[in-house]
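Chemist: Using the working numbering, the first residue of the sequence shown is number 957, and each one after it goes up by one.
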Amino acid sequence: MLSGRLSLQVAATETAPARGVNAAFDLRGSAEAGELRLSTPLGPQMAAARWSPGEVLLVTSQGEARFPDLAALAREALGEDLPLQALPDWLRGRPWTGAASMPQGEGFTQLGWALDLTRKAEGFIIATRAQAPAVTLRIRLENP
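1. Taking C-alpha atoms, which residue in S1057, L1043, E1020 lies nearest to E1032?
2. How many whole angstroms separate the CB atoms of S935 and A974, which I take to be in contact at a CB cut-off of 8 angstroms?
3. What residues in its chain sit with their C-beta under 8 angstroms from that of Q1001, if we drop five residues either side in the sequence?
4. Since G1079 and L1097 are thought to touch, with beta carbons under 8 angstroms apart, how far apart are those beta carbons, to the nearest angstrom?
5. Assign A1005 to one of two classes, buried (16 or more other C-beta atoms within 10 Å of its C-beta) or exposed (fewer than that).
6. Per DSSP, which residues does N978 bridge with? Please list them.
7. Reducing DSSP to helix, strand and coil, say where P1039 ends up.
8. Taking T1074 as the reference, give the member of E991, E1062, E988 with the closest Cα.
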């Protein structure tokens, strides 16, 4: 299991203001099957996503919602295409095996995102997407 804190920042566009989410997280599993729990910085759970082949479920205080895949869940829950299927590998400091990647400095690029692993040994990972709207995902792992 991977645990820590994340900050997701989405830049403003002509049609939408800037927005962001800060949360604690627990992540178990892989791209094929797993669970991601998000909690407020003070502790209460905000949401839990569970996925397995053919099923993606999001549980919030408003109830349960099913999605065809993790990309659809990310678009609905976060309003952006965040490659949740790649997150278990990215947080382990490696490219996801489901898509091509390219080494870049002390990291790599994949799926239109640049991963900065310069401070991975300290538990910090930064993923950025330059395509509009620009998105920055900052991760601080509890036990790197």
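Virtual Cβ for every residue (Gly too), placed ideally from N, Cα, C.
Modeler: According to the structure shown:
1. E1020
2. In the structure as shown, the chain starts at 957 and stops at 1100, and residue 935 therefore has no counterpart that could be examined.
3. R993, L994, S995
4. 4 angstroms
5. buried
6. S963
7. coil
8. E1062
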